[in-house]
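Residue numbers (the working numbering): 1 to 690. Beta carbons: idealized from backbone N, C-alpha and C, even for Gly. Treat the numbers as computed from the prediction; the structure is a model and nothing was measured. Read through the structure below, which is laid out as structure tokens, and then see the notes.
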């Protein structure tokens, strides 16, 4: 327990020593020899009077030590003298302790001040920091409210916006922006943290020191902005019109970022499809030391640029596409040579290998990216895409869920997971994933497209149309959204509008098979069988394993009576996608026409097991069972068909006939009335008598 300050006490006589006017910071008890009294001491070795102790404290060494030393040459001290020597030793110890405490306090205070200064400087003084000096403006601008301080703040905001926007864009790519946002200080007059940091920056290397100055000038209607970095002019441009100020500030901010953080500027331009991004990457490679990580990042960026060119080229430009892939692969491999622990380069290389069809090598690159950075979510997302495209849906789902666990702010894995869940018929879970993706990235059109297809499947055409139109509003070049809208318009009985949307999708993405399928469906509806087959064939050329195409061609051949060709197409569809229900229904129709009733029933039941929501399959199976005289089973199928489609007049009519044959007049009349109510113009043979 800490004691309060007080006098030092002796245990021998209880006599109080010390001075009450200056208490010690702590109290101790010293045991002295037990003597009945303190004897007189001779003049040779007498103690100095206490009044010589400075400020009632401890005397310094020449006042206290010398008499004790002199005592050593005299006769042996009496026991009382021994006690007095111990007392002086104690006073000396306290004196030295006080000095040590004073020194420690001084150094700790200095250390604390240094720590505060260090933290302050560290918070404002780091690489890629900018001292943005006040930007002078013409009087006409100042009179309009655009003062020097406003101009300077607008320029700082524009620089920060470039970095923020670029960081958000990078999150959607294979690249990673490793630079921290620029620290932009506008030095203030007088003593401040900013002014102190600005003063310290002047003593740093040029790679850290970025002193930005500039001014707006006006000549007639033309407004000009000139900017300098460390005294060197880096930007000078003019503009006219009401938006001149904003245009100059935006262009000037981008140029400053290009000078200070070239990779950030390069990627910002890359996202905007600006070819200048490639030249900035070349500049980084030519001027930066080869061991600088930015060089590896520049090679990765060039690889991404080449990959983008590959996807943008026409599919018949084989030589150009191969050159793009070769360049992309070379750039990513160079990035890996320069920085072997750079996972983004392995990810980019994996993407190129997927384009080349080298799936196993791509898988190895994705795995290496994950090994290098176990918290890197994007390789898991891309790996999931690759697995999904090869039918390994369970493995793909596991990768998507891992990506979500590693980075809960990314929308893509939710979107892709929703696609698989919708394909599996798990629409409620798919909708939840799409909505989560939309919440994470409201500007991404993809999840809206996914929701549109869910609502289309469920027959919620208005909701589907709303989602497809929202996707087009967000991204007018989204071919999938135009194709989905075309599908809805066809179902709504608007074939001309549907054709326009499918053709827009084909123009936006000539390599996409789905719009050809949609356009073929419209021609099929209109009886243009040859045009329909031509579109389906083109879709198969673009995507040979697309099972729906073989199914659709099978429908055309069935309609034209070419049953053998139809059977081959339906079986091809089943081979490419065993989980697709419709080809089994089509195959059942074909073999039923050939009199193979047992096979037909088996195909219908296979379709129902894959998708119980298909009411037309229930109807076909019920009709077959009716022909075979298995009326009880047929009734169950027609009842289910009516439940799935309450407007199915023909099912009510057939049920009416079954009940008539069974002698159930009331049930027969009820079904007949329902059929007439749903389709008053329908001529129903075999009308039951009342």
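Asked	Found
Taking only three categories from DSSP, how would you classify residue 671?	helix
Apart from the five residues just before and just after residue 691, which ones in its own chain have a Cβ nearer than 7 Å to its Cβ?	This structure leaves residue 691 out entirely; the chain is present only between 1 and 690.
Closest by CA to residue 594, which one among 562, 580, 615?	562
When the Cα atoms are used, what is the spatial distance from residue 270 to residue 243?	25 Å
What do you reckon, are the CB atoms on residue 259 and residue 229 nearer than 7 Å?	yes
I'd like the list of long-range same chain contacts for residue 325, defined as Cβ closer than 8 Å, with 5 residues on each side in sequence excluded.	306, 307, 310, 352, 355, 356
On the CB-based measure, 16 or more other CB atoms within 10 Å of its CB, does residue 61 come out buried or exposed?	Low per-residue confidence applies at residue 61: pLDDT is 37, beneath 50, and the placement is therefore not dependable, though the value from the model is reported in the following sentence. Label assigned to residue 61: exposed.
For residue 647, I'd like the list of residues in its chain whose CB is within less than 8 Å of its CB, leaving aside the five on either flank, ordered along the chain.	678
Kindly give me the distance between the Cβ atoms of residue 447 and residue 434, rounded to whole angstroms, as I take these residues to be in contact under 8 Å.	4 Å
Does the distance from the CB of residue 396 to the CB of residue 388 come in under 7 Å?	yes
Quick one: grab the DSSP three-state call for residue 229.	strand
For residue 365, I'd like the list of residues in its chain whose CB is within less than 8 Å of its CB, leaving aside the five on either flank, ordered along the chain.	346, 347, 349, 350, 353
If you drop the 5 nearest sequence neighbours on each side, which residues of the same chain put their C-beta closer than 6 Å to that of residue 604?	588, 617, 620, 621
How about residue 522 and residue 495: do their beta carbons lie closer than 7 Å?	yes
Which same chain residues end up closer than 6 Å to residue 652 when comparing Cβ atoms and leaving out the 5 residues on each side of it in sequence?	671, 674, 675
Short of 7 Å in beta carbon distance, which residues of its chain neighbour residue 579, apart from the five on each side in sequence? Order them along the chain.	610
Put residue 36 into one of helix, strand or coil per three-state DSSP.	Low confidence applies here, because residue 36 scores a pLDDT of 37, under 50, leaving its location unreliable; read the following figure in that light. If DSSP states are grouped into helix, strand and coil, residue 36 belongs with coil.
Start and end of the beta strand (DSSP E) containing residue 131?	129 to 132
Taking 7 Å as the limit between beta carbons, can you name the residues of its chain near residue 634, skipping five residues before and five after?	622, 625, 626, 658
Do you know how far the Cα of residue 506 is from the Cα of residue 373?	39 Å
In chain order, which continuous runs of the alpha helix (DSSP H) of length 4 or greater are located wholly inside the region 532 to 600?	547 to 559, 563 to 576, 582 to 593
Give me the Cβ distance between residue 135 and residue 214, rounded to the nearest whole Å; I'm assuming they're in contact under 8 Å.	5 Å
For residue 390, name the three-state secondary structure that DSSP assigns.	coil
If you measure from the CB of residue 637, is any heavy atom of the ligand ATP nearer than 6 Å?	With respect to the ligand ATP, the structure shown offers nothing to examine, as it has no ligands at all.
By Cβ distance, which residues of its chain are closer than 7 Å to residue 487, with the 5 residues on each side in sequence left out?	456, 518
At the level of alpha carbons, what is the spacing between residue 401 and residue 304?	26 Å
For residue 329, which residues from the same chain have a beta carbon less than 6 Å from its beta carbon, with the 5 sequence-adjacent residues on both sides left out?	352
Which same chain residues, not among the five before or five after residue 151, have their C-beta less than 7 Å away from its C-beta?	135, 137, 216
Are the beta-carbon atoms of residue 226 and residue 236 separated by less than 7 Å?	yes
Would you check if the distance between the CB atom of residue 590 and the CB atom of residue 606 is smaller than 7 Å?	no
Would DSSP call residue 238 helix, strand or coil?	strand
Measuring CB to CB, does residue 483 end up less than 7 Å from residue 515?	yes
My understanding is that residue 547 touches residue 573, with C-beta atoms under 8 Å, so please give their C-beta distance in whole angstroms.	4 Å
Does residue 449 pass the burial test, meaning 16 or more other C-beta atoms within 10 Å, or should it be called exposed?	buried
Expressed to the nearest angstrom, what Euclidean distance is found between the alpha-carbon atoms of residue 472 and residue 431?	19 Å
With distances taken from CA atoms, which of 140, 452, 411 is nearest residue 427?	452
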